[in-house]
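Those protein sequences? They're chains R and S, same order as listed.
Be aware that the first sequence starts at 1, since it is given in this note's numbering, and climbs by one per residue.
Be aware that the second sequence starts at 135, since it is given in this note's numbering, and climbs by one per residue.
Glycine residues also receive a C-beta, built at the ideal position from the N, C-alpha and C atoms.
2 protein chains.
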Amino acid sequence: MPKKNKELQKAGLKATLPRIKILEVLDSKGHLSAEDIYKELILLDEDVGLATIYRVLTQFESAGIVIKHNFEEGHAVYEIVSDEHHDHMVCIETGKIYEFHDEIIEQRQAEIAKKQGFEIVDHNMVLYVKKLES
Amino acid sequence: MPKKNKELQKAGLKATLPRIKILEVLDSKGHLSAEDIYKELILLDEDVGLATIYRVLTQFESAGIVIKHNFEEGHAVYEIVSDEHHDHMVCIETGKIYEFHDEIIEQRQAEIAKKQGFEIVDHNMVLYVKKLES
DNA sequence: GTCCTTGCAAAGCTTTTGCATCGCT
DNA sequence: AGCGATGCAAAAGCTTTGCAAGGAC
């Protein structure tokens, strides 16, 4: 449990209650918007201001603790950075988010960039899908 | 030149001056935000309200005339739909947008979705790149 | 003439910021 | 104690909407 404190201190951030709670919620629930986290914390009887959540998420992003995604719903969603990179698949019927990783695609992307004289700094790939007829 | 009128009528939209002008600007300048188009039209001495541009772009999107992209700059950018699908590469140093298409990646994406019991409805792939050291 | 479109202003949403208070270390 | 962090409320984008006036067919 003091693991999260270490994580925060390593990033130069004081281990405050709001920050720890936000990390915990992200850990257990995955892909959330600032508002989602806000509501989640209210359910847990933790009174954290929405502004604080935005500030903390921005700091976490700079520290490399979370990634911010701009899927297309008019708001950003955040997730904890895991060891291995992955991309996302969003079901347009259920809104559920699935993760996947494909080395062949990653390699092609690097080649494509290189062919034009670039190197990849980051990338973003989202597949919008729906269940196949059964 | 009456080509744009036909295009609009086919979509069930009256061929009004604002709509024609917006199409022309998108045709010549590529990837633009609503604000970009607004400024561009002012330069051309065409007085079109920003709200109209948003409304027209939304209609164009529904009609399949333009695509809306949510890159990550806090605003959407639009481009005319071309015959062949393509993805984007954004240079983080210059902000320039490059287009590319890769059949191998497209196939992998379809396979990945299928393996999980889904079919792809749409997808979004953006590579953020920078120039290789020369 | 009818119905769709437009422009302006106002409202809506997500996100950011100012400032006094509070809380880690 | 000191300085960073928080909360509230206000402000700042981008985008949407209501409504009266204007334009296409």
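query: What does residue 118 of chain R reach in chain S if we use C-beta pairs closer than 9 Å?
result: Counting from 1 along the first sequence, the entry for residue 118 of chain R is found at position 118. Simply 223, 225, 232, 261, 263, 264, 265, 266.
field: Strand pairing of residue 252 of chain S, partner residues [DSSP]
entry: Counting from 1 along the second sequence, the entry for residue 252 of chain S is found at position 118. BP columns for residue 252 of chain S point to R:131.
- request: Spell out whether any CB of chain R is found under 7 Å from the CB atom of residue 207 of chain S.
  value: As a working mapping, residue 207 of chain S is identified with position 73 in the second sequence. It does not; no Cβ of chain R falls within 7 Å.
task: Whole angstroms is fine: what's the gap from residue 143 of chain S's alpha carbon to residue 137 of chain S's?
output: Position 9 of the second sequence, counted from the first residue, corresponds to residue 143 of chain S. Position 3 of the second sequence, counted from the first residue, corresponds to residue 137 of chain S. Between residue 143 of chain S and residue 137 of chain S, the C-alpha separation is close to 10 Å.
field: Beta-carbon spacing of residue 250 of chain S, residue 127 of chain R below 7 Å
entry: Taking the second sequence and counting its residues from 1, one reaches residue 250 of chain S at position 116. Taking the first sequence and counting its residues from 1, one reaches residue 127 of chain R at position 127. No, the Cβ-Cβ distance between residue 250 of chain S and residue 127 of chain R is not below 7 Å.
task: Using a threshold of 7 Å, state whether the C-beta atoms of residue 77 of chain R and residue 69 of chain R are closer than that.
output: The residue you call residue 77 of chain R lines up with position 77 of the first sequence. The residue you call residue 69 of chain R lines up with position 69 of the first sequence. Cβ atoms of residue 77 of chain R and residue 69 of chain R: closer than 7 Å.
Residue 5 of chain R in three-state terms, based on DSSP: Locating residue 5 of chain R in the first sequence gives position 5, counting from the first residue. Helix.
- prompt: Does any CB atom of chain S fall closer than 7 Å to the CB of residue 31 of chain R?
  reply: What you label residue 31 of chain R is simply residue 31 of the first sequence in a count that begins at 1. Chain S contact via Cβ: absent.
task: Mind checking which residues open and close the alpha helix (DSSP H) that includes residue 215 of chain S?
output: For the purposes of this step, residue 215 of chain S is identified with residue 81 of the second sequence, where counting begins at 1. Careful: residue 215 of chain S lies outside any alpha helix (DSSP H) and carries neither H nor E.
query: Of all the options R:14, R:129, R:26, which has the alpha carbon lying nearest to the alpha carbon of residue 252 of chain S?
result: Against the second sequence, residue 252 of chain S aligns to sequence position 118. Comparing Cα-Cα distances from residue 252 of chain S to each of R:14, R:129, R:26, the minimum goes to R:129.
- request: Let me know the secondary structure DSSP gives residue 159 of chain S once reduced to three states.
  value: For the purposes of this step, residue 159 of chain S is identified with residue 25 of the second sequence, where counting begins at 1. It is helical.
task: Apply the 10 Å Cβ neighbour rule to residue 101 of chain R and answer buried if 16 or more other Cβ atoms are within range, or exposed otherwise.
output: Start at 1 with the first residue of the first sequence, and residue 101 of chain R comes out as number 101. When all chains shown are included, residue 101 of chain R counts as exposed.
- prompt: For residue 147 of chain S, which three-state DSSP category applies?
  reply: Here residue 147 of chain S corresponds to residue number 13 of the second sequence, with the count starting at 1. Residue state, collapsed to three classes: coil.
query: Residues of chain R with a CB under 8 Å from the CB of residue 219 of chain S: which are they?
result: In the second sequence, the residue the question calls residue 219 of chain S occupies position 85. The contacting residues do not exist; residue 219 of chain S stays about 13 Å from chain R at best.
- prompt: Since residue 160 of chain S and residue 151 of chain S are thought to touch, with beta carbons under 8 Å apart, how far apart are those beta carbons, to the nearest angstrom?
  reply: Position 26 of the second sequence, counted from the start, is the residue given in the question as residue 160 of chain S. Position 17 of the second sequence, counted from the start, is the residue given in the question as residue 151 of chain S. That belief does not hold up - the Cβ atoms of residue 160 of chain S and residue 151 of chain S are roughly 15 Å apart, past 8 Å.
field: Interface partners of residue 134 of chain S on chain R, CB under 9 Å
entry: Since the first residue shown for chain S is 135 and the last is 268, residue 134 of chain S is missing from the structure and cannot be characterised.
message: So, with DSSP's three-state summary, where would you put residue 44 of chain R?
response: For the purposes of this step, residue 44 of chain R is identified with residue 44 of the first sequence, where counting begins at 1. Here residue 44 of chain R sits in coil by DSSP.
Sheet register partners of residue 221 of chain S (DSSP bridge): Counting from 1 along the second sequence, the entry for residue 221 of chain S is found at position 87. Note: residue 221 of chain S sits in a beta bridge opposite S:234.
message: Taking DSSP's pairing of strands, which residues face residue 202 of chain S in a bridge?
response: Walking along the second sequence from the start, residue 202 of chain S turns up at place 68. The partner list for residue 202 of chain S (beta bridge, DSSP) reads S:212.
message: At the 7 Å Cβ level, is residue 69 of chain R part of the contact set with chain S, yes or no?
response: If you number the first sequence from 1, residue 69 of chain R lands on position 69. No, its Cβ sits nowhere closer than 7 Å to a Cβ of chain S.
- prompt: So residue 220 of chain S and residue 233 of chain S are in contact, right, with Cβ under 8 Å, and what is the actual spacing, rounded?
  reply: Position 86 of the second sequence, counting from 1, holds the residue named residue 220 of chain S. Position 99 of the second sequence, counting from 1, holds the residue named residue 233 of chain S. Rounded, the Cβ-Cβ distance is 4 Å, consistent with contact.
query: Going by the beta-carbon positions, is the gap between residue 145 of chain S and residue 197 of chain S smaller than 7 Å?
result: Taking the second sequence and counting its residues from 1, the one referred to as residue 145 of chain S is at position 11. Taking the second sequence and counting its residues from 1, the one referred to as residue 197 of chain S is at position 63. Yes.
- request: Within the same chain, show all residues whose beta-carbon is closer than 8 Å to that of residue 79 of chain R, passing over the 5 residues directly before and after it, in chain order.
  value: On the first sequence, residue 79 of chain R is found 79 positions in, with the first residue counted as 1. Cβ neighbours of residue 79 of chain R beyond the five flanking positions: 26, 30, 31, 32, 66, 67, 69.
message: Against chain S, does residue 121 of chain R count as a neighbour if the rule is that its beta carbon must be under 7 Å from one of theirs?
response: Taking the first sequence and counting its residues from 1, one reaches residue 121 of chain R at position 121. At least one chain S Cβ lies under 7 Å of residue 121 of chain R.
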